[in-house]
Each structure stands twice: as C-alpha cells, then as structure tokens.
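Q:
In our numbering, the protein residues as written are 74 to 478.
1. Beta-carbon within less than 6 Å of residue 122's beta-carbon, same chain only, minus the 5 sequence neighbours each way: which residues are those?
2. My assumption, with CB atoms under 8 Å, is that residue 37 sits in contact with residue 235. Please give the rounded CB distance.
3. Between which two residues does the beta strand (DSSP E) holding residue 458 run?
4. Mind checking whether residue 254 and residue 301 have CB atoms under 7 Å apart?
5. Buried or exposed: where does residue 372 fall if 16 or more other Cβ atoms within 10 Å of its Cβ makes it buried?
6. Taking the DSSP output, what are the residues bridged to residue 362?
7. Expressed to the nearest angstrom, what Euclidean distance is found between the alpha-carbon atoms of residue 345 and residue 338?
8. Does the stretch 348-362 touch the stretch 455-472, meaning 3 or more C-beta pairs lie closer than 8 Å?
9. What's the gap between the Cα of residue 268 and the Cα of residue 341?
10. Cβ of residue 410 less than 7 Å from any chain B Cβ?
11. Just to confirm the assignment, what range does the alpha helix (DSSP H) spanning residue 239 have?
12. In whole angstroms, what separates the C-alpha of residue 77 from that of residue 448?
13. Shortest alpha-carbon distance to residue 316 belongs to which of 127, 468, 114?
14. From the DSSP output, in three-state form, read off residue 316 for me.
15. To the nearest angstrom, report how far apart residue 232 and residue 401 are at their CA atoms.
16. Just list the residues that DSSP pairs residue 449 with in beta bridges.
17. Helix, strand or coil for residue 296 per DSSP?
18. For residue 385, does the count of other Cβ atoms within 10 angstroms reach 16, so buried, or fall short, so exposed?
19. Answer yes or no: do residue 363 and residue 399 have a C-beta to C-beta separation smaller than 7 Å?
20. Counting Cβ pairs closer than 8 Å, one from the stretch 211-223 and one from the stretch 176-193, do we hit at least three?
21. Give me the Cα-Cα distance between residue 271 and residue 153, rounded to the nearest whole angstrom.
22. Considering only the beta carbon of each residue, do residue 322 and residue 294 sit closer than 7 Å?
23. Here's a check: name, in chain order, each residue in its chain whose Cβ is nearer than 7 Å to the Cβ of residue 426, leaving out the five neighbours to either side.
24. State buried or exposed for residue 357, treating a residue as buried only when at least 16 other CB atoms are found within 10 Å of its CB.
25. What would DSSP say about residue 189, mapped onto helix, strand or coil?
26. With C-beta atoms as the reference, is residue 489 less than 7 Å away from residue 173?
27. Beta-carbon separation of residue 281 and residue 240 under 7 Å?
28. Identify which residue in 273, 291, 278, 296 has its Cα closest to the Cα of residue 285.
29. Could you please give me the residues that DSSP links to residue 287 through a beta bridge?
30. Which residue spans inside the stretch 328-402 form an unbroken beta strand (DSSP E) run of at least 3?
31. Run the CB neighbour count on residue 151, radius 10 Å, all protein chains shown included, and call it buried at 16 or more, exposed below.
32. I think residue 289 touches residue 258, with their Cβ atoms under 8 Å apart; what is that distance to the nearest whole Å?
33. Within the same chain, show all residues whose beta-carbon is closer than 6 Å to that of residue 405, passing over the 5 residues directly before and after it, in chain order.
34. Compare the Cα-Cα distances from residue 142 to each of 223, 380, 225 and report the closest residue.
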C-alpha cells in the first residue's frame, strides 16, 4: 500500500447510536454489507468514562482508512475497492454498546470493530452466536475466552493480552526503580480484574512484596480513603488503572495527602495526561499498548505522523495517541489480507490471510504486529517514564513469546 498519489478523502460517518438515535440513520449504514466496497463499522467510546481513549481509537481508524484509500488504493482481484468507515458512539455504556452492535448486524455489517472496554465487548460476544458472517476485531480482554473457538472463527484481538503485556511493564518499572514493595488498586470490573491478576502475579514472580491489593467501584472518583489505606502500607511503587478518568483523581488524592514518594505506574489505558494534570507526582510510569507517536525522533513512527498530519493538519502530540496505532495497523492488515485472499466476501480466506507474515508486508508500519492461529495479536510496545508530569524517556519492551503454549 505504497502512497503514490493524492489522498482520497476518508469517508467517515460519525454517529450516535444510543437507542438508535438520529445520528446513525439508514444513510450512514446503507450498503453496509459491502456491495461495491468495504464498509468497516466501528463502535467507539466517543463519550462517557472512556471518551479520552475513544478519541485516540477513532484517530487510528480514520488515518488507516485514509491510507488504504490513498494512491492506488485497495486492489482486490485487479479492481480498486473503496474502503469506508462508519463510526458509532457506544457512550462507554454496555446497553448502548449492545444497541450499536444490533444496529450494525441489522444493517449487514461484515467487518466490525467492537468496543474496546471489556465491560462492553463482553456482553456483545456472549450474545453473539458466532462470527461466521462477520469478521470482528476488538482490543477488549473479554475477547480472550472466545479466541480460537468455533464461535470466534473470525474474531481478532489486535492487542497483546494482559498476561503477556503487563509482566513486561512490571519488569521495565522494576528495572528502573528497584522497588521492594508495591500496592495495586484497580477498578472492579472485567478489565480491572484481568489487569490486577496479571500485575500481582508478575510482582510476586519478581520477588516484589504486594503490601496492598484492592479494587474500587469504577464509578467512584473519591480516592482519599484508598490513598489513606495505601499510605499506611508505605509501598515503593503503586500500580493504578485503568483509564485517565480514574487514575487522575487517584494521583490528585495522593498529592493532597502528601503521599508522593512512591513511583506511580499507570497501567494499560492510562496516558501521560493523568500525570500532567498532577505534576506533584515526581516519578511515574505509563504503559503504552502501541507505540509513542508523539515523538519526533523515531523513524518507525514517521509515516504515521505524516499521515496523521495530513488528516488533521498537524502531527499527534499526546502519548495516548499510541492507542490509535493498534487500530491503524490492524485495519491496514485487514486490507492487506483482502488483497492476499483476493476477496472482500470470503471471511474464512481473509481470516486465514490475516495470520500470515505477508499481511504485515506494507510500508510505514509502526509496530511489528502479527496474529497467531487463535487470532491473538503479538507485538512489541513501550513504557514511558514520567518526571514531574512529563514523559522524559520511552523504552521499548518485548513481550513474552507464546512458543511454549
């Protein structure tokens, strides 16, 4: 997919689909079955508790669509095929997420990017009979039990799952700061519980004593009681997650309590913004699920930065923009798989092509993403080391391999 010509404008229909609101009308989803082209229907957290993440997801989708349509475009069986993106807001709400999914299915969407939040994707996947007629992608951890099953034949998870991603974050943080004790405080929901389990296991394997381990109601923003309890255990490091809207008030409560000596680690889903909002925290770590694209000296992300600037007028400036990379690369791999398979209709052939090395053979890749036979993603990622609210350094981290499984 070399860019050889002018960019064809990205076709994006941003829609609000809560209870089938007016923004997601028949005009947006007309022809969603792909007649005459490929239509990707994406359920994105544009509003609600995960809105900060949703903005970055949508950026990755839009930039990917722009790149697929640029130059010679998507060529399948010798013909240029238009690639169209329809985005619907799931409001970070499970009920709305189900309504959006139903709307997509009724419209005949064959390619769906499901919600990122496990609490939204989980009910969708549980209620889905199979993926025989839909190729579905989601970065939600709730997809893991369905991968490699008959039900998940065309289900892909373009994000390294927590048992592989988070141990490397723990390792990078421990190598830098050498903590002897740690505290873990996470939201009590599917994503928070999955992250907590992976982090605690990694800490124990590293020989780091877990002196505090607790969950909080995802709706709470009063973290003074939690900080008070954590402070009494005097940990060297505190792991908190899993989105900025949760971690920023945790850091604020820590500053207000004068509890700033530990290293605070924002887990998967947390950006540097949470620390920038609380510069009183001297040392921190953020886990990037993709790759930092807000930097100017990394040649591996320059193509993405250029494409982003072409779409939005300027390059990305936020560390959280790294989330968009997962969407960007997985959608470009999907388009490449269609070219390899020579079809936009045969989902079995497209899914098979997605797992080949050839699916990642295109210019301007930011991360070395591959999919295994069960459709788990495997890729490197990064951590950012934060000093007084700003990331001072990024470090590349390589996940544990699956060769032993």
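A virtual CB, placed ideally from N, CA and C, is assigned to each residue, including glycine.
A: Let's see:
1. 165, 318
2. The first residue shown for the chain is 74 and the last is 478, placing residue 37 beyond what the model contains.
3. 454-460
4. no
5. exposed
6. Answer by DSSP bridge pairing: none, since residue 362 is not bridged.
7. 10 Å
8. yes
9. 8 Å
10. You won't find chain B in this structure, because it holds only one protein chain.
11. 235-250
12. Note that residue 77 has pLDDT 30, beneath the 50 cutoff, so the model's placement of it is unreliable and the number below is only indicative. Those two C-alpha atoms are separated by around 31 Å.
13. 127
14. coil
15. 12 Å
16. 230
17. coil
18. exposed
19. yes
20. yes
21. 44 Å
22. yes
23. 410, 413, 414, 432
24. buried
25. coil
26. An answer regarding residue 489 cannot be provided, because it is not within the stretch 74 to 478 covered by the chain.
27. no
28. 273
29. 258
30. 336-339, 356-361
31. exposed
32. 6 Å
33. 137
34. 380
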